Amino acid sequence: MSSISHLRATLNDTLVRLFREFALRDGVDDSDLSNCTLETLVDARQQVIEVVACELAPILETANAHRDPMQKLHPELIAEIFKHMWIGDRFTASYVCRHWRRVAIAHPAVWADMTAFGRSSPRLLLALQRSASSPIDLDFSLDPQSDLVVKRIATATALKLALPSMRSLSIDIRSDTFLLDAFDEPAPLLERFQISKGLQSRDVEHVIQLRSDIFGNSAPRLSCLRFKGIVLPHALIPAFAAVRELHLTPIWSDDMWHSLCEHTLIAMPDLETLHLDLLPRGEATAPFSSRFVPPLARLRNLWVGGLRNIGTGFLLALPHQMCSRVSLHNEGGGVPLEDLLEPLSSVKSMVIWCNLCAVTGDARQFSRMASFMPIHIPSSILTTSVTSYLQALVLQDVDGMLCKSQVFLPRLAYLELVLAASRDNASGFSYDNLESFPHDLRLVAPTLRVLRLTRHPSEISIAYWNNSVYREFMDVLTPDRDVWLEIDGLNVPDIPRTRRRPMTSVASTFASHTASLDEAGRAWAALERISDVALSALQNEE
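First residue of the sequence shown: 1, per the working numbering; consecutive thereafter.
Shown next, in the form of structure tokens:
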């Protein structure tokens, strides 16, 4: 007899017994419950349910053992799987089966991370609804092809309803159809806010200007702002009072400096990081005056970039002397080296990475970076006032450097050459001959203790050092004594007047490499690897 037949027989016997017991309790002689009281019928119904559930349990357990393994996963584990999916794939996965769909709908946190949503779509509204009150991280683009007012209003309405739960919001605006009215409610959880708009058009009809009462004047946790192509109002914005990090690419105007200082920066007393990317459409008619700049007492990181000498004007007007880290990217313009190095009593460590030069001083309290044309680096940077105290130097991609005379480095203890493979044909890189040290650059370092040869962190192949290169290179350095040779990611033969050793003085070039870093980030990482403690140990070694 099958398990189902056995269950049917067992249930029949059990139910007959139960009916007889309940009938006798109400004084009925047979098993007919039609004459029983309502309370008896309710009790009978409950006991029947319990009996059926108890008898069915082992059969259901056996049936579940043959289910798809994915059906057995715990709901919390399935929710974690959803969280690691791209937002579009979450919708697809929610249709795998009823169990997964129930989990997706029952866990609002699954829909809270929308950092890679892409273009706005009807699914955005659905995801916002499903996220309920979970903190939301949203990153999306408004579809420039959508001309339907109904769709734009629906998107704005959904954002407005979700704003109290928004933790991070990033919007790429590709047209002038965005409705800023969506941001007129308080945002108690918002920490990061970003709006980007292309700067192709200067038509005032297409300008997007923030309102001074954005977020209902209340965003107590808002600490990071990123604006590109957005016009800020000529008024204080109370919702920005807690901002500590500002990345701004403003639309150029004659009163931009006035508005930036007197309305935007003054409303951010706790500002620690300021990133200004200046892309002017014309020359400034008003000078950059420091008398308009608010105190900015907590400013520590300053990044300024611009065409011609616009970036220099901004930098000199801002309180750059008190910043621990300053970056100046002045495309096509000069760099005020004396002003930039003013807080440094002497330059102890230097990194020349592509067209960037990063330096730091004694206690590493102040670090500075500037962009140079490679052909101008020796004459602009390697001056006597800089090289006299230099103890550590990292050179990367220096083939374009030209220098007709020797550069004397009397205190240099550590020299690192970051070498890339030379491209000798259209098919790719050749690792037989790495790029040589520039023939026109002559370095004299009599106190050199450590020479490190390494390949570029982004290269994954093992490269080989050309014999003729190191002979010429060592003749240039002319050390008074043997130096320690450290090899990082290269195949290098024995070099005269060097003694090999493991890399113990400074961390590996590759250990500090992150693929997501740009060239400026790699230059900063190289500078941070060179510590004063390591340099002191180098000089005291036997």
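All C-beta atoms in this analysis are idealised placements derived from N, C-alpha and C, irrespective of residue type, glycine included.
Keep in mind that this is a model prediction, so the values were computed, not measured.
Residue from 251, 229, 249, 213 with nearest C-alpha to residue 241: Within the sequence shown, the letter at position 241 stands for residue 241. Here the closest residue by C-alpha is 213.
If you count every other CB in all the chains shown that lies within 10 Å of the CB of residue 418, and 16 or more means buried, which is it? Within the sequence shown, the letter at position 418 stands for residue 418. Counting of Cβ neighbours within 10 angstroms places residue 418 among the buried residues, the total reaching 16 or more.
Could you tell me the alpha carbon to alpha carbon distance between residue 182 and residue 75, rounded to whole angstroms? In the sequence shown, residue 182 corresponds to position 182, counting from 1. In the sequence shown, residue 75 corresponds to position 75, counting from 1. About 35 Å.
Considering just the uninterrupted stretch of the alpha helix (DSSP H) at residue 350, what are its terminal residues? Here residue 350 refers to the residue found at position 350 of the sequence shown. Note, residue 350: premise wrong, no alpha helix (DSSP H); beta strand (DSSP E) at 349-353.
If I follow the unbroken beta strand (DSSP E) through residue 370, where does it start and stop? Counting from 1 along the sequence shown, the entry for residue 370 is found at position 370. Residues 367-371.
Start-to-end residues for the beta strand (DSSP E) that takes in residue 228: For this step, residue 228 is matched to residue 228 along the sequence shown. Start and end: 224-228.
Opening and closing residue of the beta strand (DSSP E) in which residue 275 lies: Here residue 275 is taken as the residue at index 275 of the sequence shown, counted from 1. Residues 273-278.
Below 8 Å, can you find three or more Cβ-Cβ pairs linking the stretch 484-493 to the stretch 521-531? no
Anyone know if the C-beta pair for residue 293 and residue 267 falls short of 8 Å? Translated into positions along the sequence shown, residue 293 becomes position 293. Translated into positions along the sequence shown, residue 267 becomes position 267. Contact: no.
Within this structure, are the beta carbons of residue 392 and residue 348 separated by less than 8 Å? What you label residue 392 is simply residue 392 of the sequence shown in a count that begins at 1. What you label residue 348 is simply residue 348 of the sequence shown in a count that begins at 1. Going by C-beta atoms, residue 392 is nearer than 8 Å to residue 348.
DSSP three-state label for residue 442, please. Reading the sequence shown from its first residue, position 442 is the one you call residue 442. Looking at residue 442 - three-state DSSP - the assignment turns out to be strand.
What is the DSSP secondary structure of residue 185, counted as helix, strand or coil? Position 185 of the sequence shown, counting from 1, holds the residue named residue 185. Coil at residue 185, not helix or strand.
Boundaries of the beta strand (DSSP E) in which residue 450 is found, first to last residue: The residue given as residue 450 occupies position 450 in the sequence shown. Run containing residue 450: 450-455, per the beta strand (DSSP E) assignment.
With a cut-off of 8 Å on the beta carbons, I'd call residue 296 and residue 319 a contact; round off their distance for me. Within the sequence shown, residue 296 is the residue found at index 296, counting from 1. Within the sequence shown, residue 319 is the residue found at index 319, counting from 1. At roughly 6 Å, the Cβ-Cβ gap stays under 8 Å, so residue 296 and residue 319 are in contact.
Once DSSP output is grouped into helix, strand and coil, what is the label at residue 305? Numbered from its first residue, the sequence shown carries residue 305 at position 305. The answer is strand: DSSP assigns residue 305 an E or B state.
Strictly by DSSP, which residues pair up with residue 416? Translated into the one-based positions of the sequence shown, residue 416 becomes position 416. Bridge partners of residue 416: 394, 452.
Rounded to the nearest angstrom, how far is the Cβ of residue 87 from that of residue 127, given a contact under 8 Å? Here residue 87 is taken as the residue at index 87 of the sequence shown, counted from 1. Here residue 127 is taken as the residue at index 127 of the sequence shown, counted from 1. Contact holds; Cβ gap of about 7 Å.
For the alpha helix (DSSP H) containing residue 326, name the first residue and the last one. Numbered from its first residue, the sequence shown carries residue 326 at position 326. Looking at the DSSP string, residue 326 is not in any alpha helix (DSSP H); the run it does join, the beta strand (DSSP E), is 325-331.
What residue range does the alpha helix (DSSP H) around residue 310 cover? Locating residue 310 in the sequence shown gives position 310, where the first residue counts as 1. Residue 310 -> alpha helix (DSSP H) spans 310-317.
What does residue 480 pair with, by DSSP beta-bridge criteria? For this step, residue 480 is matched to residue 480 along the sequence shown. According to DSSP, residue 480 bridges with nothing at all.
Roughly how many angstroms separate the alpha carbons of residue 77 and residue 130, rounded to a whole number? For the purposes of this step, residue 77 is identified with residue 77 of the sequence shown, where counting begins at 1. For the purposes of this step, residue 130 is identified with residue 130 of the sequence shown, where counting begins at 1. C-alpha separation (whole angstroms): 18 Å.
Between the alpha carbons of residue 184 and residue 154, how many angstroms are there, rounded? Within the sequence shown, the letter at position 184 stands for residue 184. Within the sequence shown, the letter at position 154 stands for residue 154. Rounded to whole angstroms, residue 184 to residue 154 spans 16 Å at the Cα level.
Identify every residue that forms a DSSP beta bridge with residue 597. Outside the shown range of the chain (1 to 542) lies residue 597, about which nothing can therefore be said.
Rounded Cβ spacing between residue 136 and residue 166 (contact assumed at less than 8 Å): Taking the sequence shown and counting its residues from 1, the one referred to as residue 136 is at position 136. Taking the sequence shown and counting its residues from 1, the one referred to as residue 166 is at position 166. About 5 Å separates the two Cβ atoms, so the contact holds.
So, helix, strand or coil for residue 166, using DSSP? Residue 166 sits at position 166 when you count from the first residue of the sequence shown. DSSP places residue 166 in strand when its eight states are reduced to three.
Pairwise C-alpha distance: residue 276 and residue 554: Because residue 554 is not part of the residues shown, which for the chain are 1 to 542, the question remains open.
How should residue 521 be labelled, buried or exposed, when 16 other C-beta atoms within 10 angstroms of its C-beta is the threshold for buried? Here residue 521 corresponds to residue number 521 of the sequence shown, with the count starting at 1. When all chains shown are included, residue 521 counts as exposed.
Which term fits residue 102, buried or exposed, when burial requires 16 or more other beta carbons within 10 angstroms of its beta carbon? Within the sequence shown, residue 102 is the residue found at index 102, counting from 1. Burial call: exposed.
Pull the bridge partners of residue 255 from the DSSP assignment, please. The residue labelled residue 255 in the question sits at position 255 within the sequence shown. According to DSSP, which records beta bridges pairwise, residue 255 is partnered with nothing at all.
Going by DSSP, what residue range makes up the beta strand (DSSP E) through residue 408? Counted from its first residue, the sequence shown places residue 408 at position 408. Judged by DSSP secondary structure, residue 408 falls within the beta strand (DSSP E) whose first and last residues are 406-408.
Cβ neighbour criterion (16 or more within 10 Å) applied to residue 282: Mapped onto the sequence shown, residue 282 falls at position 282. Legend: pLDDT at residue 282 = 47, less than 50; position of this residue unreliable, value from coordinates given subsequently. Exposed, because fewer than 16 other Cβ atoms sit within 10 Å of the Cβ of residue 282.
Buried or exposed: residue 430, going by 16 or more other Cβ atoms within 10 Å of its Cβ? For this step, residue 430 is matched to residue 430 along the sequence shown. Because the pLDDT at residue 430 is just 41, under 50, the model does not fix this residue reliably, and the point stays unresolved.
My guess is that residue 369 and residue 356 are in contact by the Cβ rule of under 8 Å, so how many angstroms apart are they, rounded? The count along the sequence shown starts at 1 and reaches residue 369 at position 369. The count along the sequence shown starts at 1 and reaches residue 356 at position 356. Going by Cβ atoms, the distance from residue 369 to residue 356 rounds to 6 Å, so yes, they are a contact pair.
Identify the continuous beta strand (DSSP E) that holds residue 356 and give its terminal residues. Locating residue 356 in the sequence shown gives position 356, counting from the first residue. Per DSSP, residue 356 belongs to the beta strand (DSSP E) from 356-360.
What does a CB cutoff of less than 6 Å around residue 302 pick up in its chain, not counting 5 residues either side in sequence? Translated into positions along the sequence shown, residue 302 becomes position 302. 274, 320, 323, 326.
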